[in-house]
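Chains V and H, in that order, give the protein sequences. Numbering of the first sequence is given in the numbering used here, commencing with residue 9 and proceeding in unit increments. Numbering of the second sequence is given in the numbering used here, commencing with residue 146 and proceeding in unit increments. Backbone N, C-alpha and C fix where the C-beta goes; we use that ideal spot for every residue, glycine too.
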Amino acid sequence: NAGVTQTPKFQVLKTGQSMTLQCAQDMNHNSMYWYRQDPGMGLRLIYYSASEGTTDKGEVPNGYNVSRLNKREFSLRLESAAPSQTSVYFCASSFVILGGQPQHFGDGTRLSIL
Amino acid sequence: EDQVTQSPEALRLQEGESSSLNCSYTVSGLRGLFWYRQDPGKGPEFLFTLYSAGEEKEKERLKATLTKKESFLHITAPKPEDSATYLCAVQMINGGGADGLTFGKGTHLIIQP
Chain V
9 NAGVTQTPKF QVLKTGQSMT LQCAQDMNHN SMYWYRQDPG MGLRLIYYSA
59 SEGTTDKGEV PNGYNVSRLN KREFSLRLES AAPSQTSVYF CASSFVILGG
109 QPQHFGDGTR LSIL
Chain H
146 EDQVTQSPEA LRLQEGESSS LNCSYTVSGL RGLFWYRQDP GKGPEFLFTL
196 YSAGEEKEKE RLKATLTKKE SFLHITAPKP EDSATYLCAV QMINGGGADG
246 LTFGKGTHLI IQP
C-alpha cells in the first residue's frame, strides 16, 4: 500500500522550461491537493480538487495549472518555470465528506529553477 | 486574517527531558486542528486531529491538547528518534479550498542522547 506517490523526486529546470509533476494515490480518496513548502514559511496550498472532474485555486495559484486525470491522479504543471518557483512540492489526498479528515502527504518533489 | 503561529521555532532537549510545543491560531471557525511530524526529505506524517476545546489525544510519548485559542503537543521523556519538525495546521469551517489546511511554520525539535 503505497499511499501518495509523487514523481519525479528531484528536478532541475532552466527558466522558461515547462514540466509536469505527477501525483497518484491508492487510498480511494476523493479530494487531492498541491502544496509548496519554502524555507521559513508554512506549506501553502496551490490548487486542489474536491472530486474527480473539479479543480480550483488555492492560496498561491499563479504560474501553475492542474489536471485531475481520474480519481487516483492529480498533476501540477509549470508552463514557463521561474526562479521563484524553486521549492519543494507536496501532493496530498483526503477522504472528505463533512470535512475534518486528515490529509495524507507524499514525500515531495524538490524542484530547482536556474 | 486567519493565522497559525508555532513556538518555539527550534527546541533542543536532552533525552528524557519533557517539554511542550505550542500552536496558537486565530480562525473564524475551527473545523479541526492537525499535528504532523516531518522528517528531513520526507512529507508530513499525520499524528493527531483535535476538533473541540478540551479534547486530548495520545500516541506513545506524544499528547496533544486543544483550547479555544491554542494547542499544545506535549512530549514526555523524549528519545533521539523523536527528533523532527512538528507542524500544526488548521482547517476552517466554510473555509473553501476543499478543506485545505493552513499551516504554521513548524517547530524543529532536536533530542540529544
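key: Beta-carbon proximity check, Ala229 (chain H) vs Arg182 (chain H), cutoff 7 Å   = On the second sequence, residue 229 (chain H) is found 84 positions in, with the first residue counted as 1. On the second sequence, residue 182 (chain H) is found 37 positions in, with the first residue counted as 1. Cβ atoms of Ala229 (chain H) and Arg182 (chain H): closer than 7 Å.
request  = From the DSSP output, in three-state form, read off Asp64 (chain V) for me.
outcome  = Walking along the first sequence from the start, residue 64 (chain V) turns up at place 56. Three-state result, Asp64 (chain V): strand.
query = When you compare only the Cα positions, how much space is there between Glu201 (chain H) and Ala89 (chain V)?
reply = For this step, residue 201 (chain H) is matched to residue 56 along the second sequence. For this step, residue 89 (chain V) is matched to residue 81 along the first sequence. Rounded to the nearest whole angstrom, the CA to CA distance from Glu201 (chain H) to Ala89 (chain V) is 44 Å.
request  = With DSSP as the reference, label Ser92 (chain V) as helix, strand or coil.
outcome  = Taking the first sequence and counting its residues from 1, the one referred to as residue 92 (chain V) is at position 84. In the three-state scheme derived from DSSP, where H, G and I count as helix and E and B as strand, Ser92 (chain V) is classed as helix.
ask   = Which residue comes first and which comes last in the beta strand (DSSP E) that contains Arg76 (chain V)?
value = Residue 76 (chain V) sits at position 68 when you count from the first residue of the first sequence. The continuous beta strand (DSSP E) containing Arg76 (chain V) extends over residues Tyr72 to Arg76.
request  = Using a Cβ cut-off of 7 Å (strictly closer), state whether Pro47 (chain V) contacts chain H.
outcome  = Within the first sequence, the letter at position 39 stands for residue 47 (chain V). It does not; no Cβ of chain H falls within 7 Å.
key: Which listed residue (V:Asn36, V:Gln19, V:Met49 and V:Ser57) has its alpha carbon closest to that of Leu42 (chain V)   = Taking the first residue of the first sequence as 1, we reach residue 42 (chain V) at position 34. It is Trp, not Leu, that sits at residue 42 (chain V) in the sequence shown. Measuring from the Cα of Trp42 (chain V), the nearest candidate turns out to be V:Ser57.
message = At the level of alpha carbons, what is the spacing between Met27 (chain V) and Ser163 (chain H)?
response = Taking the first sequence and counting its residues from 1, the one referred to as residue 27 (chain V) is at position 19. Taking the second sequence and counting its residues from 1, the one referred to as residue 163 (chain H) is at position 18. Spanning the two alpha carbons is a distance of roughly 46 Å.
key: For Gln33 (chain V): DSSP bridge partner residues   = Working through the first sequence from its first residue, we reach residue 33 (chain V) at position 25. Gln33 (chain V) pairs with V:Val12.
Extent of the continuous beta strand (DSSP E) run through Lys202 (chain H) = Here residue 202 (chain H) is taken as the residue at index 57 of the second sequence, counted from 1. Here the beta strand (DSSP E) through Lys202 (chain H) covers Glu201 to Lys204.
inquiry  = Please state the DSSP three-state secondary structure of Glu226 (chain H).
reply    = Walking along the second sequence from the start, residue 226 (chain H) turns up at place 81. Helix.
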